[in-house]
Each structure stands twice: as structure tokens, then as C-alpha cells.
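Same order as they appear, the protein sequences are chains A and B. To convert, note that position 108 of the first sequence is 108 in the numbering used here; the numbers rise steadily by one, no gaps. With the second sequence counted from 1, adding 148 to any position gets you the numbering used here. Glycine residues also receive a C-beta, built at the ideal position from the N, C-alpha and C atoms.
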Amino acid sequence: MDFPKSTQELLEKYWAAETTPEEEAQLRAAFQKEDKSAYAAYFQFLHAESAQEMAAPVAPIRQTRVVVLRRAMSIAATVLVLVVAGFMIQRTMMKDVNHISADSYKDPMEAYEEAKQALLLVSEKLNSSRELAGEQLAKTQPYIEIIK
Amino acid sequence: MKHAIKFFMIAAVTAFSTLSYSQSDAIQKYFDKYMNDERFDMVFISPKMFEVVSKIELEGDNVDPEIMEIIKELKGLRVLSYDGPEAMTYYNEAKEKINLNEYEELVVARDGDENVHIRVKESGDIVSELLLLVGGKDEFALLSFVGNVDLKKVGKLGKLLDIEHVDQLEKIDKKN
Chain A
1 MDFPKSTQEL LEKYWAAETT PEEEAQLRAA FQKEDKSAYA AYFQFLHAES AQEMAAPVAP
61 IRQTRVVVLR RAMSIAATVL VLVVAGFMIQ RTMMKDVNHI SADSYKDPME AYEEAKQALL
121 LVSEKLNSSR ELAGEQLAKT QPYIEIIK
Chain B
149 MKHAIKFFMI AAVTAFSTLS YSQSDAIQKY FDKYMNDERF DMVFISPKMF EVVSKIELEG
209 DNVDPEIMEI IKELKGLRVL SYDGPEAMTY YNEAKEKINL NEYEELVVAR DGDENVHIRV
269 KESGDIVSEL LLLVGGKDEF ALLSFVGNVD LKKVGKLGKL LDIEHVDQLE KIDKKN
């Protein structure tokens, strides 16, 4: 079939899938005229389809649905991660609580005595270290006097 | 991309909290290690027991008001002690295993062959944990008080200790 040279070149590019959207629009426009060729029928069909797509906004609805679905999935995944993490931490903590919950004493007076002994030990170590520091300071005092 | 960032943030927070928890419980792990070892003496007083103890009525000579005042603010006590020739080994091991850098140094002293470490963990102006580590030739002790530890009041207990020693000496004198 004879076409203008420019149309022929565009057609070759089109079948090689190298045309730009603008060039495809040119092709559709070229075959809009009275033409009984198969090419014309093909491009007229494409033109009619693209016009229909523009009229009926089906694609945006589908896109919105996909976005909503993705958000729901991400929320579900976040909740799942938090639940699993919480469960693991709680399990670890419960294990330790169970582990150490066995009090050494059932009698509060015995527990009091033990706590008292522990407090006295800490107090003794605090005070003895203070005394030790005082002694060390006293030992260094003569040298400090010499330096002065 | 946003979701990936969210996911990694949650994962990071979870990992961080798990890591913090495991670090803070290094002492417990050390206690656990020797829990079934009969050479060690172990004491655990729970927050619940401290609550019960704090309700003991201050009547008679069995309860000291100074001690009770401190105990009322405490939430837990753990003691691990050992008397024997390997005391220094356990002392060094405890120093290595427990992350002492988490605590603020209060006392580091060496008296003869005995090493003493007193370290504290502070939340604002309040001492929330006191750790005592003692290591000598024949004695090892690891002690941890949790709660609101009033160091001034604990320090003053030394006087009480002196009074008790005097009382004991008097009792011995009377017996003789």
C-alpha cells in the first residue's frame, strides 16, 4: 500500500516499537481520514479505545484500591511485628520473673534480718573506705606541707 | 520506601529495647550461673517481700527504725557470696561479666587483701541501684540493692553497727 514517505517511516518505527507517544498520535491522525486499509481500521480502533479509556475513569479506582490494600497490608505487617516483638520480650521477662520470684525467705522477719545485715555490710564498707581515704590523706599531709 | 523505613525503625526500636533489657540483667545472669552451686550462698528478696517487711510494726527491740526507714524505699535485694580459696577468681569473673560501666563509681578501695567496689545507678537525684562487690583472699560477695537507696542514711547505719558491737561486748562481759 502507498503512504506518504513520512507515514511509511513512522509505520516502520511503530512496528519496531520505537515510536514516541507523539509519533503514535501522528499515525492515528494520519489514518483518521477516509481510508479503507487495514492500517486505518487498526489505528481507528486504537483511537476509539483510547477515547473510551479517557471517558471512563476505571483505572483510578483500581489504583485507589491497590493503594488502600497496600496500606492495610503495611498496617497489618506493623501490628504483626509489634505483637511478635512484644510477645518475645514478655516471654523473656516472664522467664526471669518466674526464675527469680522464689523468695529466699517466707518469714518477713527473716527477710528483714537479711536486708539489715546487707545494709550494715554496705554501711561498713562505705565508712571503712572513708576512713581509709582519711588515713591516706593524713599520710600525704607532711609531703603537702613540704611542697607548700 | 516509607513502609521500609517504618519497618526498619520498628525493628531498630525492638532490637534496642531487647539489648537494653539483656544488658541491665547481666547481674541476674551471673547469679543464675551459680544458683545451683552449693559452694555459694544466695539470697533473693522480692519487691513483694519488701512490701510485707515494710509493714512490720515498729515495736520491741527486734526492729530498728533507722533500718526500717531505708527498707521502706527498697524494692529488691540479691546477694551472692562465697567463702573459699577461689574467692579472687570469682571476684575477677564478676568484674569482667558485669558491665560495671553502666554504674557510677562510688567507692573503689583496697584494704589489705580485700578489694571493695561500690557502684550506683542513678535516675536523676535518686540512687536506683547499689552494687557492692567484695573480693578478698577467701571471701567473695556480690550484692545488689534495687529501689530508692538513700546513701546518707545507709552511711549513718555505721553508728548502729558500733552500738550493736558494744551491746554484744556487754552481753559477753555479763556472761563472763
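For the alpha helix (DSSP H) containing residue i, name the first residue and the last one.
i, result
"Val211(B)", "Note, Val211(B): premise wrong, no alpha helix (DSSP H); not H, not E."
"Lys106(A)", "Careful: Lys106(A) lies outside any alpha helix (DSSP H) and carries neither H nor E."
"Glu12(A)", "5-15"
"Asp180(B)", "174-181"
"Gln32(A)", "First-last for Gln32(A): undefined, no H or E at that position."
"Lys196(B)", "195-201"
If you draw a straight line from the C-alpha of residue i to the C-alpha of residue j, how long is it?
i, j, result
"Lys13(A)", "Thr7(A)", "10 Å"
"Asp231(B)", "Glu253(B)", "25 Å"
"Leu132(A)", "Gln141(A)", "14 Å"
"Ile175(B)", "Ala77(A)", "35 Å"
"Leu291(B)", "Glu145(A)", "41 Å"
"Lys196(B)", "Asp107(A)", "12 Å"
"Leu280(B)", "Lys181(B)", "18 Å"
"Phe43(A)", "Lys5(A)", "18 Å"
"Glu244(B)", "Arg130(A)", "26 Å"
"Val81(A)", "Ala38(A)", "58 Å"
"Met73(A)", "Lys125(A)", "60 Å"
"Phe3(A)", "Glu23(A)", "16 Å"
"Leu27(A)", "Val67(A)", "35 Å"
"Leu10(A)", "Gln32(A)", "15 Å"
Per DSSP, residue i is paired with what?
i, result
"Met190(B)", "Leu228(B)"
"Ser276(B)", "Its beta-bridge partners do not exist; DSSP assigns none."
"Leu126(A)", "According to DSSP, Leu126(A) bridges with nothing at all."
"Ile246(B)", "DSSP, once it has assigned bridges, lists no residue as partnering Ile246(B)."
"Leu281(B)", "His265(B), Leu290(B)"
"Asp259(B)", "Glu262(B)"
"Glu252(B)", "Val268(B)"
"Leu222(B)", "Gly295(B)"
Can you list the residues of chain A that residue i reaches, using a CB-CB cut of under 8 Å?
i, result
"Ile274(B)", "Within 8 Å Cβ-Cβ: nothing; Ile274(B) doesn't reach chain A, min ~17 Å."
"Ile204(B)", "Pro108, Met109, Tyr112"
"Asn249(B)", "Result: empty, since nearest Cβ-Cβ is about 20 Å, beyond 8 Å."
If I follow the unbroken beta strand (DSSP E) through residue i, where does it start and stop?
i, result
"Leu290(B)", "287-297"
"Ser271(B)", "262-271"
At a CB-CB cut-off below 7 Å, which residues of chain B make contact with residue i?
i, result
"Ala72(A)", "Within chain B, no residue comes near Ala72(A); the closest Cβ sits about 12 Å away, beyond 7 Å."
Identify the contact partners of residue i in chain A, using a Cβ-Cβ distance below 7 Å as the criterion.
i, result
"Val246(B)", "It should be noted that the sequence gives Ile, not Val, for residue 246(B). Going along chain A, no residue has its Cβ under 7 Å from Ile246(B), so there is no contact; the nearest lies around 16 Å."
"Val268(B)", "Residues of chain A passing the Cβ test: none, with the nearest at roughly 11 Å."
Cβ closer than 8 Å: which chain B residues qualify as neighbours of residue i?
i, result
"Ala115(A)", "Ile193, Phe198, Val201, Ile215, Ile219, Leu222, Leu225"
"Ser50(A)", "Those do not exist, as Ser50(A) stays about 32 Å from chain B at its closest Cβ, beyond 8 Å."
"Ala153(A)", "Outside the shown range of chain A, which is 1 to 148, sits residue 153(A), and nothing can be said about it."
Starting from the beta carbon of residue i, find every residue of chain B whose beta carbon is closer than 9 Å, and list them in chain order.
i, result
"Lys25(A)", "Note on identity: in this sequence residue 25(A) is Ala, with Lys being the wrong assignment. Simply none; closest approach about 34 Å."
Inset, instruction - Inspect the CB distances between the region 196-203 of chain B and the region 217-231 of chain B and report whether three or more fall short of 8 Å. - result: yes
Legend entry - the region 230-245 of chain B contacting the region 109-116 of chain A, beta-carbon criterion three pairs below 8 Å: no
Inset, instruction - State whether the region 209-217 of chain B contacts the region 247-264 of chain B, with contact taken as three or more CB pairs (one from each stretch) at a distance under 8 Å. - result: Contact between the region 209-217 of chain B and the region 247-264 of chain B is absent, because fewer than three Cβ pairs lie under 8 Å.
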